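A.B. asks:
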Amino acid sequence: MLTSTLPSRLKWPVIMDYGIACVTPALIVVLEVLFSRLWGIDPPASVFFLCGIMIVAWISGPGPALFATALTVLAFDYFLIQPIYSFAFESKEFPRLVLLTIASLFVVSLSAVQGRATASLRRMRDEQQQTVRELRKLNESLHVENTERRRAEENVRRTEQELRLIVDNIPVLAARYRPDGMMDFRNKTWRDYTGLSRDNLEGHRWGSALHPDDLAMVEREWRSHIATGGPFELEQRLRRADGEYRWHRVRRVPLHDDSGNVIKWYAVAFDIEDRRLAEEAQRRSEAALSEARRELQLTIDSIPVMVSTFDPDGTRSFVNQPWQNYTGHTQREATGKGLNTSIYYHPDDVERFDNAWRVAQAKGETLSVDVRTRRADGAYRWYNMRRAPLRDERGNIVKWYSVGIDVDDQKVAENALQRSEANLAEAQKLSLTGSFSWDLANDDIFWSDETYQIMGFDRSVKPSLDLIMQRVHPDDRARETDRAVLGAQNHDDFELRLLMPDGQIKHLHVRAHRVKYASGKEEIVGALMDITESRKSQAALDAAQTALAHACRVATLGEISASIAHEVNQPLAAIVANGQACLRFLRRETPDLNKLRGAIEWIVKDGKRADEVIRRVRGLLKKADSQRALLNVNDIICEVTALLQRELSAQHATLRLELASAVPLIVGDRVQLQQVIINLVVNGVDAMQAVTDRSHELLIRSYEDEAHQIVVAVRDSGVGIPAETANRLFDTFFSTKPSGLGIGLSICRSIVEDHGGRLWATNNTGEPGATFQFALPSPQGQAP
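Counting the sequence shown from 1 gives a position; my numbering is that position plus 9.
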């Protein structure tokens, strides 16, 4: 139906409804004219008007329909009732108008009732449809809700299972309690840790798992918080299944209902045994660290150096106690920004030190500078200031550490050493003495400047054994090579000849010894002296001394010429006597050959004895170079005494010999040693000439002393040595004899010292007279 499908009035503005009400009567008039005039059909006009009003009422509603009714009546009167085109009408037409009006109003009212009924039905339909839609939606939502509820229940069950699985597998002990504190749930971790099953845990309070020492405290706190309903935490020891107790932190929190009543308690326990052990270890470590820091502070404050620290920007942040004691400034006065640090250093050193410090900061390098630092009393002492950076893992400087070491004494020693080295170098230059060292392990040889000068090499040349051997005289190279290979055992003292490039020969006196340091390093350290000029002078001196010694020997022989003549005459007289005897034996008719043979043998013997005496005298008179050989000192003594027997007898002196048996041999010149003994014996005889109250006794002794030296002593019984002349006794040209030259004892001392020995004189102890004695080294008696 149209009414069932179309709305009672279209949804447009009201003016459109009234516009339709205006247009409808006009259309009816137009239709009436068309039907009657054009097509000749004269339908009842009221039908058209009623239809139009019905349409307006159906489309636009009662209001526009009433307005259309009024317009229709007017149009009907104006266009269809005579007179037409006028609103006047005849009385007979009045009923038509009234009927038309009533019919129109009836149609309008019916349309209004129908519209209201339709609208009501439409509303009911719409409400029913809305209800159906809502019921459908409700059904769908109920279906969805039911599905979601089932899904939620499934999720809850799954979540509960997952939660239980999670709770059972979390590495903490979890439990649940009733409001009275009795346990009604515990997770698997709890059961595994305690070793208690579910059957053993009904109504449990954890008491059996608690350490006995913690039980009372835990029960007291538990009851207290059950009463107050507040959460709390405790650290307590829980027994593990194996019986070991471990520390746990237990936290209990309540679950309240809407009224605030506790309906459950939940507890978790975290194993903190390792943490407590770590904390205990940390406490011990911190205590040890604190003690170490205290000891470090004491150490830093006790060490005899100044210690300080600086921030990266160069601000001093710490000074130790020695620093404060030395400068007289406290920690507060010496640290912080804006300090004038130049007051701590000598004015002449400030700029140099500050520049070095800025360079070290810019480059991040270690600083080491010697600077004079001001003491609290105003005095300055040299300190070595060393500052080193501390860097983080990125290489940034986070701190500077500084130490100041007192090097004042070292500076003084260094200055003294420099002066000493300068003096040594000058002394070496003046004395033509050089020094050297030889590092045996590294074969490294060092020469002083004077050594280079003596050896004739440039300072840039590196010393070596090959370099030395280039200069050694060819005749000495084999010996010196052996010496270099063997090295100095303890001490070596020798002379060396060098053949210089210009053909000149240099004589060097070298002394060296082995030095072993505490580190185990061994070096040969020594010195060499250019004795070329000394050797030339010594050669001239030796020649003069030889001539002087020869003159002295000749003079001495002159003094003992009578004794020498007697020693020669005795064998000559014997030879003459024996020769005469041989003549007598030969004049006999029958010569006695045995006697003749014996006389001839005596002649030969006495001839040899005379020859020996003459040979000895010739040796003393001969002017020849010194010739060293192995000698027995006792033989020399006997040879001398044989020459002096006549002299001793003439002076009424008694000679006694005390010669050691098996005395070691010595190395010496026989003639020179004979001269020494003759001089000592003659001096002893002369010293006894003025003695008249006692016998003239002369004793010659030989023996080996504790130093393995051979000693010869000539002891007289004369007047002794006056105290005022004792120190000048061996001086050249000093003599106590009126006619003496004063060279005898001086030459004797020179001869003995040239043999490596010494000559001295002392007055006899407790007896008159003096003893002259000399000691000579023996190669046989020296210790190996």
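The beta carbon of each residue, even a glycine, is placed where N, CA and C say it ideally should be. Treat the numbers as computed from the prediction; the structure is a model and nothing was measured.
Go through its chain and collect everything with a Cβ distance to D201's Cβ below 8 Å, but skip five positions before and after it.
C.D. replies: Numbered from 1 along the sequence shown, position 192 holds the residue referred to as residue 201. If the five residues before and after D201 are omitted, its C-beta is found closer than 8 Å to the C-beta atoms of A250, all from its own chain and listed in chain order.
A.B. asks: With DSSP as the reference, label L449 as helix, strand or coil.
C.D. replies: Within the sequence shown, residue 449 is the residue found at index 440, counting from 1. Looking at L449 - three-state DSSP - the assignment turns out to be coil, as it is neither helix nor strand.
A.B. asks: Please report the residue range of the beta strand (DSSP E) in which I533 lies.
C.D. replies: Translated into positions along the sequence shown, residue 533 becomes position 524. E531 to D539 is the span of the beta strand (DSSP E), which, as asked, contains I533.
A.B. asks: Can you tell me the Cα-Cα spacing of D539 and L441, whole angstroms?
C.D. replies: The residue given as residue 539 occupies position 530 in the sequence shown. The residue given as residue 441 occupies position 432 in the sequence shown. If you take the alpha carbons of D539 and L441, they lie about 5 Å apart.
A.B. asks: If you compare alpha carbons, which of V642, I584, D485 and W447 is closest to L474?
C.D. replies: Position 465 of the sequence shown, counted from the first residue, corresponds to residue 474. For L474, the nearest C-alpha among the options comes from W447.
A.B. asks: Identify, in the order they occur along the chain, each residue of the same chain with its Cβ nearer than 7 Å to the Cβ of L639, setting aside the five sequence neighbours on each side.
C.D. replies: As a position in the sequence shown, residue 639 is number 630, starting the count at 1. Around L639: L674 and V676.
A.B. asks: If I'm right that I584 touches I609 with Cβ under 8 Å, what's the distance once you round it to whole angstroms?
C.D. replies: Residue mapping note: residue 584 aligns to position 575 of the sequence shown, counting from 1. Residue mapping note: residue 609 aligns to position 600 of the sequence shown, counting from 1. The distance from the Cβ of I584 to that of I609 is about 11 Å, inconsistent with a contact at the 8 Å cut-off.
A.B. asks: For A669, report the span of its alpha helix (DSSP H) as first-last.
C.D. replies: Translated into positions along the sequence shown, residue 669 becomes position 660. Neither: A669 is in no alpha helix (DSSP H) and is coded neither H nor E.
A.B. asks: To the nearest angstrom, how far is it from the Cα of V694 to the Cα of A425?
C.D. replies: Position 685 of the sequence shown, counting from 1, holds the residue named residue 694. Position 416 of the sequence shown, counting from 1, holds the residue named residue 425. Roughly 58 Å between the two C-alpha positions.
A.B. asks: Which value, in whole angstroms, describes the spacing of the CA atoms of I533 and V412?
C.D. replies: Numbered from 1 along the sequence shown, position 524 holds the residue referred to as residue 533. Numbered from 1 along the sequence shown, position 403 holds the residue referred to as residue 412. Their Cα atoms are separated by approximately 38 Å.
A.B. asks: With H, G and I counted as helix, E and B as strand and the rest as coil, what does DSSP make of D193?
C.D. replies: Taking the first residue of the sequence shown as 1, we reach residue 193 at position 184. It is a strand residue.
A.B. asks: Who are the Cβ neighbours of K530 in its own chain at under 8 Å, not counting the five residues just before and after it?
C.D. replies: Residue mapping note: residue 530 aligns to position 521 of the sequence shown, counting from 1. D448 and A450, listed in sequence order.
A.B. asks: DSSP beta-bridge partners for R724?
C.D. replies: In the sequence shown, counting from the first residue as 1, residue 724 sits at position 715. In DSSP, R724 forms a bridge with L708 and T780.
A.B. asks: Quick check: what's the CA-CA separation for A662 versus T780?
C.D. replies: By 1-based counting over the sequence shown, the position of residue 662 is 653. By 1-based counting over the sequence shown, the position of residue 780 is 771. Cα-Cα distance, rounded: 16 Å.
A.B. asks: Measuring only the C-alpha atoms, how far is E667 from P788?
C.D. replies: Along the sequence shown, one-based indexing puts residue 667 at 658. Along the sequence shown, one-based indexing puts residue 788 at 779. Going by the C-alpha atoms only, they are around 23 Å apart.
A.B. asks: M697 by DSSP, collapsed to three states: which one?
C.D. replies: For the purposes of this step, residue 697 is identified with residue 688 of the sequence shown, where counting begins at 1. Coil.
A.B. asks: Take every Cβ of the region 268-285, pair it with every Cβ of the region 175-188, and state whether three or more of those distances are shorter than 8 Å.
C.D. replies: yes
A.B. asks: Expressed to the nearest angstrom, what Euclidean distance is found between the alpha-carbon atoms of T156 and N148?
C.D. replies: Within the sequence shown, numbered from 1, the residue matching residue 156 stands at position 147. Within the sequence shown, numbered from 1, the residue matching residue 148 stands at position 139. In this structure, the straight-line span from the alpha carbon of T156 to that of N148 is close to 12 Å.
A.B. asks: Go through its chain and collect everything with a Cβ distance to S704's Cβ below 8 Å, but skip five positions before and after it.
C.D. replies: On the sequence shown, residue 704 is found 695 positions in, with the first residue counted as 1. T663 and S726, listed in sequence order.
A.B. asks: Going by beta-carbon coordinates alone, are F243 and Y254 separated by less than 8 Å?
C.D. replies: As a working note, residue 243 is residue 234 in the sequence shown. As a working note, residue 254 is residue 245 in the sequence shown. Phe is not the amino acid found at residue 243; the sequence shown has Leu there. It is not a contact, given that the beta carbons lie outside the stated cut-off.
A.B. asks: Can we say the region 679-687 touches the region 754-765, given the rule of at least three CB pairs closer than 8 Å?
C.D. replies: yes
A.B. asks: Is it true that the CB of R258 sits closer than 8 Å to the CB of F241?
C.D. replies: Residue mapping note: residue 241 aligns to position 232 of the sequence shown, counting from 1. Residue mapping note: residue 258 aligns to position 249 of the sequence shown, counting from 1. Going by C-beta atoms, F241 is not nearer than 8 Å to R258.
A.B. asks: Helix or strand or just coil, what does DSSP make of S351?
C.D. replies: The residue labelled residue 351 in the question sits at position 342 within the sequence shown. Looking at S351 - three-state DSSP - the assignment turns out to be helix.
A.B. asks: Just list the beta strand (DSSP E) runs in the region 358-425, keeping only unbroken ones of 3 residues or longer that don't cross its boundaries, in chain order.
C.D. replies: 376-383, 389-400 and 406-415
A.B. asks: For Y526, name the three-state secondary structure that DSSP assigns.
C.D. replies: Stepping through the sequence shown from its first residue, residue 526 is reached at position 517. Coil at Y526, not helix or strand.
A.B. asks: Alpha carbons only, please: which of L689, Q636 and R710 is nearest the one belonging to V672?
C.D. replies: Here residue 672 is taken as the residue at index 663 of the sequence shown, counted from 1. Looking at the Cα atoms, R710 is the closest of the given residues.
A.B. asks: Spell out the partners DSSP gives V761 in its beta bridges.
C.D. replies: Your numbering for residue 761 matches position 752 in the sequence shown. Per DSSP, none; premise fails for V761.
A.B. asks: Roughly how far, in whole angstroms, is the beta-carbon of Q782 from the beta-carbon of A722, given that I think they are within contact range, below 8 Å?
C.D. replies: As a first step, residue 782 must be located in the sequence shown, where it is residue number 773. As a first step, residue 722 must be located in the sequence shown, where it is residue number 713. About 4 Å; that satisfies the 8 Å criterion.
A.B. asks: Quick one: which unbroken beta strand (DSSP E) runs of 3-plus residues sit fully inside the region 255-312? Chain order, please.
C.D. replies: Fully enclosed beta strand (DSSP E) runs of 3 or longer: 271-280.
A.B. asks: Hey, Y354 and T382 are a contact pair by Cβ (cut 8 Å); roughly how many whole angstroms apart?
C.D. replies: The residue given as residue 354 occupies position 345 in the sequence shown. The residue given as residue 382 occupies position 373 in the sequence shown. Rounded, the Cβ-Cβ distance is 6 Å, consistent with contact.
A.B. asks: Our contact map puts N772 next to G729 with C-beta atoms below 8 Å; I'd like the distance itself, whole angstroms only.
C.D. replies: Numbered from 1 along the sequence shown, position 763 holds the residue referred to as residue 772. Numbered from 1 along the sequence shown, position 720 holds the residue referred to as residue 729. Right, the Cβ-Cβ distance comes to about 5 Å (below 8 Å), so this counts as a contact.
A.B. asks: Helix, strand or coil: how does DSSP classify N692 here?
C.D. replies: Residue 692 sits at position 683 when you count from the first residue of the sequence shown. The answer is helix: DSSP assigns N692 an H, G or I state.
A.B. asks: Compute the beta-carbon to beta-carbon distance between R384 and Y461, rounded to the nearest angstrom, for a pair I have assumed lies under 8 Å.
C.D. replies: Mapped onto the sequence shown, residue 384 falls at position 375. Mapped onto the sequence shown, residue 461 falls at position 452. Contact flag wrong, Cβ pair sits at about 45 Å.
A.B. asks: Could you check the C-alpha separation between E360 and Q370 for me, to the nearest Å?
C.D. replies: The count along the sequence shown starts at 1 and reaches residue 360 at position 351. The count along the sequence shown starts at 1 and reaches residue 370 at position 361. Cα-Cα distance, rounded: 15 Å.
A.B. asks: Measure the Cβ-Cβ separation of R325 and A343 and say whether it is below 8 Å.
C.D. replies: Translated into positions along the sequence shown, residue 325 becomes position 316. Translated into positions along the sequence shown, residue 343 becomes position 334. Yes, these two residues count as a Cβ contact at 8 Å.
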